[in-house]
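Here's the structure we're looking at; comments come further down.
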Amino acid sequence: MQEGKDTILIIEDERPLSQALDDKFTREGFKTLVAKNGEEGLDVALREHPDLILLDIVMPVMDGMTMLKRLREDAWGKDAIVIMLTNLTDNERVADAITEGSHDYLVKSNWKIEDVVKKVREKLHPAAQEVLAARSGGSI
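For the sequence shown, full-length UniProt numbering gives the first residue as 1, with consecutive numbering after it.
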């Protein structure tokens, strides 16, 4: 990984969305890695050890929940920061994702890309976000 830049692994099978996320995170100063399914994403995650993983659930080859379970079996992967980014909204899926160790669960249709970047920053640097919130007189 590149020194000084947080690395984000985007695991998303919808090419337009993965490209938009890749472009936005790159412009925001992050190093990005992109995978198109859970199997490829797991391989990249275990090889590259990104700082945070954005993970879709419904994908070909290996779905996001299976990928998350396998990631958590790895010594490095058990502590990796994972945010689920999906269109699935049912409570059972959300509960399953949290039980498997997802740090957050974002429904794609409810979030702008700028908000996803903000959420990623919060997860990577919670202390810095608290300082910014205090300076601005409220939450970020």
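We put the beta carbon where it would ideally sit given N, CA and C, even for glycine.
Distance CB(LEU21)-CB(THR32) smaller than 9 Å: Counted from its first residue, the sequence shown places residue 21 at position 21. Counted from its first residue, the sequence shown places residue 32 at position 32. Contact: yes.
If you draw a straight line from the alpha carbon of residue 165 to that of ASP13, how long is it in whole angstroms? Any answer about residue 165 is impossible in this case: the structure gives the chain only from 1 up to 140.
Please list, in chain order, all residues of the same chain as ASN37 whose beta carbon is under 8 Å from its beta carbon, the five residues on each side excluded. By 1-based counting over the sequence shown, the position of residue 37 is 37. Counting only Cβ-Cβ distances below 8 Å, and skipping sequence neighbours, we find ILE11, ASP13, MET59, PRO60, VAL61 and MET62.
THR26 versus LYS5 - alpha carbon distance: Within the sequence shown, residue 26 is the residue found at index 26, counting from 1. Within the sequence shown, residue 5 is the residue found at index 5, counting from 1. Their Cα atoms are separated by approximately 10 Å.
Is the distance from the Cβ of VAL116 to the Cβ of LEU54 below 9 Å? In the sequence shown, the residue the question calls residue 116 occupies position 116. In the sequence shown, the residue the question calls residue 54 occupies position 54. Contact: yes.
Span of the beta strand (DSSP E) holding VAL82? Your numbering for residue 82 matches position 82 in the sequence shown. Looking at the DSSP string, the run of the beta strand (DSSP E) that includes VAL82 is 82 to 86.
Does the distance from the C-beta atom of LEU52 to that of ILE83 stay below 9 Å? Looking up residue 52 in the sequence shown gives position 52. Looking up residue 83 in the sequence shown gives position 83. The answer is yes: Cβ separation under 9 Å.
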